[in-house]
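Peer 1: Per numbering that gives the first Met the number 0: the sequence shown = residues 0 to 660. Let me begin by handing over the structure; questions about it come next.
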Amino acid sequence: MAGAGTEEQLAQRLEELLAVERFAPPESFTEHALIKDRSVHEAAAADPVAWWAEQARTLDWFKEPTVALDDSNPPFYQWFTDGTINASHVCVDRHVAAGNGDRVAFHWYGEEGEQRDITYADLHRDVQRMAGALKARGIGRGDVVGIYLPMIPEVVVAMLACARIGAPHNVVFGGFSAESVRERMEFSDAKALITVDGARRKGKTAPVKVNVDEVMGDLPALETIFVVRHTGVDTPMTDGRDVWVHEAMEAAPAEVPAEELPAEHPLFILYSSGSTAKPKGILHTTGGYLTGVAWTHKYVFDLKPEEDVWFCSADVGWITGHSYIVYGPLANGATSVMYEGAPDYPHKGIWWELCEKSGATIFYTAPTAIRACMKWGVEHVEPHDLSKLRLLGTVGEPINPKAWLWYHEVVGDGRCPIVDTWWQTETGAIMITTLPGAQDAKPGIAGTPLPGIDAAVLDEDGNEVPPNTQGLLSLRRPWPSMLRTLYRDDDRYLSTYWSRLGRETYVVGDAAKMDDEGYVSVIGRIDDVLNVSGHRMSTAEIESAIVSHELVAESAVIGQADEDTGQSVAAFVILQGDLEGTAELEADIREHVAVRIGKLARPKRIIWTDDLPKTRSGKIMRRLLRDIAEGRALGDVTTLRDPGVMEELQQLVASEQSESG
Ligand code: WTA
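Laid out in structure tokens, this is it:
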């Protein structure tokens with residue numbers, strides 16, 4: 000079925016389904032589900048620490064831990080402290096040892112239609128060689144290694160090679176600019192960076208290594224830049240510093256054993272946006288993190304590694320990629336799909352084409368992507384046979400019921416349960432969702448805390464608010480995959496997460512409500528963090544990028560509600576002197592932000608102004624700017640230093656709208 004009639008019928012069906020508040024798992028699903036009822040939630044609630052210890056045992060430890068939780072110094076919690084383990088051993092070696100070396104770990108698909116299958120035995124071979132290559136350059140336990148790579152199998156090899164020798168990796172999303180990479184390498188004192196000659200995006204090639212060279216020159220700690228040959232673009236190499244990965248791997252020994260590391264050995268740092276311009280280096284360690292990602296990947300997605308084909312559309316540069324492309328699926332011995340390109344290249348049905356080709360059974364993506372697919376239309380989905388799909392998931396932002404229903408009806412053909420998973424870079428693994436064979440899904444509402452997790456919605460005094468009342472989403476009990484600190488910044492760790500409600504309650508930074516069945520709806524951030532297409536960004540970081548433009552005097556950035564991307568970046572900009580804003584200058588500022596941070600941070604809208612609403616202490620009142628940008632009645636203006644500013648701004652935005660409308 001295709002054509003306008005279908006879209007119309009579909010729209011009507013979705014409209015009708017909006018009245019349905021809950022979707023029970025189909026019997027056909029529950030029948031084969033790993034978890035069919037709430038008994039696991041109950042078992043975990045009876046003794047959460049002991050329950051987590053039991054889950055940890057399913058990993059392959061060198062020395063099994065006898066201690067589960069060390070909570071002697073909250074909030075610096077530690078897990079499984081006397082155990083020893085290695086993530087690359089858990090993700091690769093043990094599957095090969097169990098006779099599963101021939102199982103495909105990744106069906107990789109390139110942008111131009113290339114296909115490569117990488118088995119667990121292939122990973123075993125390459126990870127050892129890459130680990131050897133790192134060691135040959137003097138990298139060892141505790142040395143931070145940056146990774147700036149596109150979605151190619153080498154990124155997984157690089158991460159696991161670091162894990163193998165105890166070198167924490169620091170992956171930077173390929174969509175960030177070289178300057179962002181430099182900053183993250185500098186903050187973490189990275190000893191090496193693993194990058195690529197060039198990256199492909201929608202048929203074009205970006206010279207990544209050349210861009211990196213422009214900014215990376217003078218970092219004293221950075222001794223080696225490893226370069227993966229991927230596109231073959233011209234790539235100057237600096238003698239003594241730069242190394243081709245394929246040459247270094249050839250020269251490395253074939254056998255490089257996984258090092259026996261303490262459970263609390265740092266596995267990685269991942270920089271994420273906070274409420275100041277400086278990104279936070281979120282630190283995860285080994286044993287607890289693996290326990291969290293392996294459990295959630297298996298049971299939230301009902302994974303049967305021998306039968307399922309798992310497709311997570313995220314980029315490895317985000318936590319979703321770390322936990323649900325690399326560590327969770329590999330710890331579970333899963334077969335995954337990995338796609339190099341964009342969802343609309345070479346055509347808008349590429350994901351569904353790949354689902355069909357690979358026989359994908361479980362698909363995990365972001366609401367913003369679903370909204371884009373909705374806009375593109377069912378004609379891009381319907382030519383593809385998606386009959387193998389049996390479960391769908393979303394992550395990254397609240398999903399509006401319409402998009403949920405579209406996903407359910409069009410992609411899932413009404414037969415696949417959907418899990419709406421709430422979690423964060425900090426939590427390491429999924430915290431709130433529904434177990435698909437055991438719980439009803441409610442469109443637009445994430446679900447209940449998972450077994451072993453104590454999530455609550457609290458008021459400013461730490462008391463639970465009544466059902467269906469907005470409050471602070473909080474986690475009241477430590478969990479194994481939680482962040483351990485912010486890299487080299489314990490003070491910021493304490494003040495960001497553990498100051499508002501004390502050292503035993505993790506304040507998430509999201510506002511939420513809980514219904515009388517314990518289902519949590521996440522409303523959005525309560526701090527100055529934006530969520531654009533499921534990507535976390537800091538208003539302060541974007542402001543500081545804009546202000547670094549030579550013609551800009553001051554700027555205030557807000558997130559504006561956006562139909563497609565959830566939120567979009569809007570910037571109020573004050574220019575130097577008497578300069579007038581022009582279209583050229585607007586384009587220039589956008590490009591400037593792209594260079595400083597990355598394209599995804601570019602303001603969608605720039606509003607020129609002469610002044611900004613500030614409190615008497617000089618703090619910009621973003622709440623009022625949001626009201627103005629979205630054309631709402633103004634909230635309380637009494638704390639403003641100069642309330643007159645608001646009137647001028649309102650007139651300005653109104654005239655801008657009448658011009659463009
Ligand atoms: C938001 C991504 C509603 C939330 C894994 C959180 C969500 C932030 C959901 C973390 C969801 C994530 N429903 N909101 N299912 N999942 N969020 O660190 O605001 O990139 O605090 O981790 O995304 O973003 P991060």
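Note that CB positions come from ideal geometry on N, CA and C, so glycine has one too.
Just to confirm before moving on: does the CB-CB distance between K387 and A368 stay below 8 Å?
Peer 2: For K387 and A368, no; Cβs fall outside 8 Å.
Peer 1: Less than 7 Å between C-beta atoms, sequence neighbours within five positions excluded: which residues of the same chain meet that for M0?
Peer 2: Note on M0: pLDDT 40, under 50, position unreliable in the model; no value is reported.
Peer 1: Tell me whether W60 is buried or exposed, calling it buried when 16 or more other Cβ atoms sit within 10 Å of its Cβ.
Peer 2: The residue in question, W60, is buried, as its Cβ has 16 or more Cβ neighbours within 10 Å.
Peer 1: What do you reckon, are the CB atoms on L485 and I452 nearer than 8 Å?
Peer 2: The answer is no: Cβ separation not under 8 Å.
Peer 1: Could you tell me which of E111, A23, A586 and A45 sits nearest to P342, measuring between CA atoms?
Peer 2: Of the listed residues, the one whose Cα sits closest to P342 is E111.
Peer 1: Between the Cα of A250 and those of P448, L133, T420 and C415, spot the shortest distance and give me the residue it belongs to.
Peer 2: Taking only the C-alpha atoms, the option nearest A250 is L133.
Peer 1: Contact between the region 183-190 and the region 135-146: three or more CB pairs below 8 Å?
Peer 2: Flag = yes, the region 183-190 and the region 135-146 touch.
Peer 1: Applying the criterion that 16 or more other CB atoms from any shown protein chain within 10 Å of the CB defines a buried residue, is Q650 buried or exposed?
Peer 2: Label assigned to Q650: exposed.
Peer 1: Relative to ligand 1, is the shortest distance from any of its heavy atoms to the C-beta of W294 smaller than 7 Å?
Peer 2: No - ligand 1 has no heavy atom lying nearer than 7 Å to the Cβ of W294.
Peer 1: Thinking just about the alpha-carbon of each residue, which of L17, P448 and I318 is nearest to the one in H168?
Peer 2: The option with the nearest alpha carbon to H168 is I318.
Peer 1: On the CB-based measure, 16 or more other CB atoms within 10 Å of its CB, does N72 come out buried or exposed?
Peer 2: Counting Cβ neighbours within 10 Å, N72 comes out exposed, since fewer than 16 surround it.
Peer 1: Leaving out the 5 sequence neighbours to the left and right, which residues in its chain are closer than 8 Å to H379 when beta-carbon positions are compared?
Peer 2: Hits under 8 Å: H346, K347, G348, W351 and C372.
Peer 1: Taking 8 Å as the threshold, find out whether the region 420-437 comes into contact with the region 25-41 through three or more Cβ pairs.
Peer 2: Contact holds: three or more Cβ-Cβ distances are below 8 Å.
Peer 1: Looking at ligand 1, does it come within less than 7 Å of A445, judged from the CB to the closest heavy atom?
Peer 2: Under cutoff, so the answer is yes.
Peer 1: Residues in its own chain within less than 7 Å of L68 by CB, not counting five upstream and five downstream?
Peer 2: Contacts found: V48, Y76, W78 and P477.
Peer 1: Among G643, C161 and A104, which residue has its Cα nearest to the Cα of L611?
Peer 2: Comparing Cα positions, the closest option is G643.
Peer 1: Please look up how many angstroms separate the CB atoms of S322 and V336, rounded, as I've assumed it's under 8 Å.
Peer 2: The pair is not a contact, with the Cβ atoms about 16 Å apart (cut-off 8 Å).
Peer 1: Specify the secondary structure class of S498 as computed by DSSP and reduced to three states.
Peer 2: In this structure, S498 counts as coil in the three-state DSSP scheme.
Peer 1: Is it the case that the CB of N467 approaches a heavy atom of ligand 1 more closely than 7 Å?
Peer 2: Flag unset: Cβ of N467 not near ligand 1.
Peer 1: What first and last residue would you give for the beta strand (DSSP E) that runs through S537?
Peer 2: Per DSSP, S537 belongs to the beta strand (DSSP E) from H534 to S537.
Peer 1: Pop quiz: R163 and A120 are said to be a contact at Cβ under 8 Å. What is the actual Cβ separation, rounded to whole angstroms?
Peer 2: 16 Å between Cβ atoms; not a contact.
Peer 1: Per DSSP, which one or two residues make a beta bridge with L471?
Peer 2: According to DSSP, which records beta bridges pairwise, L471 is partnered with L457 and A510.
Peer 1: Roughly how many angstroms lie between the CA atoms of G580 and D609, to the nearest whole one?
Peer 2: When rounded, the distance between both Cα atoms is 11 Å.
Peer 1: Using a threshold of 7 Å, is the CB atom of P397 nearer than that to any non-hydrogen atom of ligand 1?
Peer 2: Answer for P397: yes, Cβ within range of ligand 1.
Peer 1: Using three-state DSSP, classify N210 as helix, strand or coil.
Peer 2: It is helical.
Peer 1: Considering only C-alpha positions, which residue in the set I619, L472 and E355 is nearest to T638?
Peer 2: That would be I619, whose Cα lies nearest to the Cα of T638.
Peer 1: For the candidate residues D509, D526 and I117, whose alpha-carbon lies nearest to that of V519?
Peer 2: Nearest option by C-alpha distance: D509.
Peer 1: Under the rule that 16 or more other beta-carbon atoms within 10 Å means buried, what is Q54, buried or exposed?
Peer 2: Buried, because 16 or more other Cβ atoms sit within 10 Å of the Cβ of Q54.
Peer 1: Could you tell me the boundaries of the alpha helix (DSSP H) in which A42 lies?
Peer 2: It spans S38 to A45 - the alpha helix (DSSP H) in which A42 sits, taken as one unbroken run.
Peer 1: Which residues in the same chain as C354 place their Cβ atom closer than 7 Å to its Cβ, once the five residues preceding and following it in sequence are excluded?
Peer 2: These residues qualify, in order along the chain: F310, F362, H383, L385 and L388.
Peer 1: Tell me whether P219 sits in a helix, a strand or coil according to DSSP, three-state version.
Peer 2: Here P219 sits in coil by DSSP.
Peer 1: Measure the C-alpha to C-alpha separation of E585 and A205 and round it to an integer number of angstroms.
Peer 2: Approximately 24 Å between the Cα atoms of the pair.
Peer 1: Name the one or two DSSP bridge partners that W421 has.
Peer 2: W421 is bridged to I431.
Peer 1: Output the boundary residues of the beta strand (DSSP E) element that contains Y108.
Peer 2: It spans V103 to Y108 - the beta strand (DSSP E) in which Y108 sits, taken as one unbroken run.
Peer 1: Leaving out five residues on either side along the sequence, give the residues of the same chain with a beta carbon under 7 Å from the beta carbon of T5.
Peer 2: Cβ neighbours of T5 beyond the five flanking positions: V377.
Peer 1: I'd like the span of the alpha helix (DSSP H) that includes W350, first residue to last.
Peer 2: Note, W350: alpha helix (DSSP H), I349 to S357.
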